[in-house]
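Protein chains in written order, with this note's numbering: chain A, 1 to 343; chain B, 344 to 859. The beta carbon of each residue, even a glycine, is placed where N, CA and C say it ideally should be. All remarks here apply to the structure that follows.
So, in structure tokens, the structure goes:
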């Protein structure tokens, strides 16, 4: 007679081998192209942000886990704090002092994540909470973007030592060129009675769209498509966001193309694609039912378009995401699928 | 190993196309396992009761002889226990509790004589075509035939279900590894069709639909040709999707007929009866060979075995005999020594304590898995609300919401969100990236909800009793009040206050005696 030890768990005794840390690692890998594109266009400050934000997110995570008396190692290994840090860093301009990403990480990990109960329990997207806090607290630092390092633009680019100096001390070099992002330019330009064709003739745009930012968005798109192929994210939320942003933009443009940016400009500006594939799709803070995911996505797209069109902020993605995070319990409740056998 | 079923030409929204291990090749015939030295026949039935032995230690028994199951009194009514039969001839050497897949249960041990002598009562009944539905059902009941898909529900009881339009013969076995029904359909399609026709007579179904999975091409062909030969226009074969759990009763009914079994109801509520192909075959064997339920086909498989085979086995045969026929376990070289033995498939299987447990009618498969084969990968993490468990759920439940409610012990919430509709298939566990033991939680929650319902039913009854009592007391008080009033008017006339107080005190005492 051969005896067998009683298993610790009940059936099933099979698993898809899909793990949280595997999904998070896929997300990290998918963020590589957009990180490289941002670094290429905006300089080494991007990498400094990445290092500090990722490092402080992980450090805060470990600290809070220890304070909460939880096992630190497995929770760090799930890589979720690393993803939060990276996403936060990629939203920041490359010319901020180091304490900006640190403060952002503090609010992201401690307030948005652990105050609500840690991984899986947070109502809001942690990276977006961190970013929104910075956006409203440090508008000067957050509003400053150097021009992308592309031929034909004024060389506002900073050397590595200058970048490092800003990063360490927060002192801007006197000759630094403040440059509006394309979305800023649209917002202020339209406010100054300029028309879209006039704006698009400016140096911030080229035939392909917002100069430089197109590449950032396309890089994010590539990573996002890879996540779709790997089935880390579902297509429903990205499609919803794109539809919610592009369709109103299309209608508005058809109505009056002089004051309304095209869907293409909307999709290729700012952090749109990063948001579509990496922020809106955060599983914890997004809707989970199939229909709910589409509604949630459309809501984010629509709110982004509304904020960009009438709001005070040139890019409203972070606020759109946070507002829709609020609606998730309601959406999931009212989009629940009819259970088998229930009429 | 991809999520959701898109591997075949039939698409459904739920389930998993899990193929952690290649199905073993169907053989020309299942290996007929020889008569073992001793048979251990479990008397435990599907409803938790145990059939009463009708033989004693030392008795000689013959193959097919009735050895357990009486008429017993259940709730003031006489009911038949499920009869159990000897699966070979020999001597009863023990009637005691033994380890089985369902824990320790009462078993009859028969030391076989190797002659396999048939009981004279076991005679074919070729007149099945002339019997009434009720006569067929009573013969099926007397043969101890139960659902061989795993639930072991008494077949005759299931057949007695009122107006039935469709008899669904389920051959869509869907768990990885398990191959016994596929084997049976390829080997005995004609016999299955014949048994199904008898079942059709017994329940009065207008149509009989045979269902196998799309990937079971040979089984499908065999059934199709058997139906063509049967000359019965009400028979047809349909294919189920190649996903797990396509063979789940409710899932198969939905896929084949488009109907849903109401929550808390039975297939019969929508005019459908579902029977396993193995059950249909057992019915054929009863009428054409005179054999009660004494054998079944068992898949013996797994990475810890030298060979994987299908066996036609006598009920009561120790699993170890089948393991030996598979060439035994692999040794530790290469890490293939088995460390887990399961009855059933990896999704819903039951771990076995050792390989001496006997084959029961529920045992469709035995898997001896090696160290990396039948294990959950990692330790449990928090739910990240990824929602992967939603689309795979064949009952269309929201497992992450149910888990949350379970952890908060929210019974009304659990009931409302359909925990009782969970079919315990394990798909949500399979896809969960946090490796949460969802199904185990839901099984527990179902149990708690069921107990709570029973309690509240009882509470409801005692509430009714109390209300009735209170009404009776109130009625009596009213009568007394009326009486009092008529008397006080008399008293008013006489003007005696003392008499009134006396009367009031008396009424108060009466009310106390009534227990109010």
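Can you tell me the Cβ-Cβ gap for residue 94 (chain A) and residue 148 (chain A), rounded? I've got them flagged as a contact below 8 Å.
About 10 Å; that fails the 8 Å criterion.
Closer than 8 Å, Cβ to Cβ, to anything on chain B: give me those residues from the region 116-150 of chain A, in chain order.
118, 119, 120, 121
Spatial neighbours of residue 792 (chain B) within its chain, please: CB distance less than 7 Å, with the 5 preceding and 5 following residues excluded, ordered by chain position.
754, 757, 758, 762, 763
Just grab the DSSP bridge partners of residue 634 (chain B) for me.
In DSSP, residue 634 (chain B) forms no bridge with anything.
Can you find the residues in the same chain that come closer than 6 Å, C-beta to C-beta, to residue 562 (chain B), ignoring five residues on each side of it along the sequence?
525, 528, 529, 555
Could you give the distance in angstroms between the alpha-carbon of residue 692 (chain B) and the alpha-carbon of residue 679 (chain B)?
20 Å
Given a threshold of 16 other Cβ atoms within 10 Å of its Cβ, counted over all protein chains shown, does residue 800 (chain B) qualify as buried or as exposed?
exposed
What did DSSP end up calling residue 686 (chain B) once you bin it into helix, strand or coil?
strand
So what does DSSP say about residue 8 (chain A), is it helix, strand or coil?
coil
Interface residues of chain A facing residue 699 (chain B) [CB-CB closer than 8 Å]
1
Pick from A:185, A:88, A:141: whose alpha carbon is nearest that of residue 167 (chain A)?
A:141
For residue 509 (chain B), the first and last residue of its enclosing beta strand (DSSP E)
509-514
Are the C-beta of residue 757 (chain B) and some C-beta of chain A separated by less than 8 Å?
no
Which residues of chain B have a Cβ atom closer than 9 Å to the Cβ of residue 291 (chain A), listed in chain order?
The premise fails here: residue 291 (chain A) is roughly 11 Å from chain B at the closest Cβ pair, so nothing lies under 9 Å.
Could you pull out every unbroken beta strand (DSSP E) segment of at least 3 residues lying fully inside the region 478-550 of chain B, listed in chain order?
509-514
Secondary structure of residue 576 (chain B), DSSP reduced to three states
coil
Along the chain, where does the beta strand (DSSP E) containing residue 385 (chain B) start, and where does it finish?
381-385
Based on the DSSP output, what are the partners of residue 584 (chain B) in its beta bridges?
Beta-bridge pairing links residue 584 (chain B) to no other residue.
Report the rounded CA-to-CA distance for residue 5 (chain A) versus residue 224 (chain A), giving the unit in angstroms.
45 Å
Go through its chain and collect everything with a Cβ distance to residue 722 (chain B)'s Cβ below 8 Å, but skip five positions before and after it.
778
Using a beta-carbon distance below 8 Å, is residue 196 (chain A) in contact with chain B?
no
At a Cβ threshold of 8 Å, is residue 342 (chain A) touching chain B?
yes
Please report the residue range of the alpha helix (DSSP H) in which residue 732 (chain B) lies.
732-735
Say whether chain B places a C-beta atom closer than 8 Å to the C-beta of residue 4 (chain A).
yes
Kindly indicate which three-state DSSP category residue 144 (chain A) falls into: helix, strand or coil?
coil
Chain A contact residues for residue 615 (chain B), given Cβ-Cβ distances below 7 Å
None at all; the shortest Cβ gap to chain A is about 13 Å.
How long is the line joining the alpha carbons of residue 570 (chain B) and residue 656 (chain B), rounded to whole angstroms?
27 Å
Are the beta-carbon atoms of residue 13 (chain A) and residue 717 (chain B) separated by less than 8 Å?
yes
CA-to-CA distance, residue 19 (chain A) to residue 393 (chain B), given in whole angstroms
44 Å
For a test of the three-state rule: what should DSSP assign to residue 711 (chain B), helix, strand or coil?
strand
Beta-carbon proximity of residue 404 (chain B) to residue 385 (chain B), cut-off 8 Å
no
Nearest residue (CA-CA) to residue 303 (chain A), options A:257, A:244, A:75
A:244
Would you mind stating whether residue 97 (chain A) and residue 53 (chain A) have Cβ atoms separated by less than 8 Å?
no
How big is the Cα-Cα spacing for residue 474 (chain B) and residue 539 (chain B)?
15 Å
Less than 8 Å between CB atoms is the rule here; does residue 580 (chain B) satisfy it with respect to chain A?
no
Check the Cβ of residue 11 (chain A) against every Cβ in chain B and list those closer than 9 Å, keeping chain order.
685, 687, 688, 689, 690, 691, 692, 693, 694, 767, 769, 772, 782, 783
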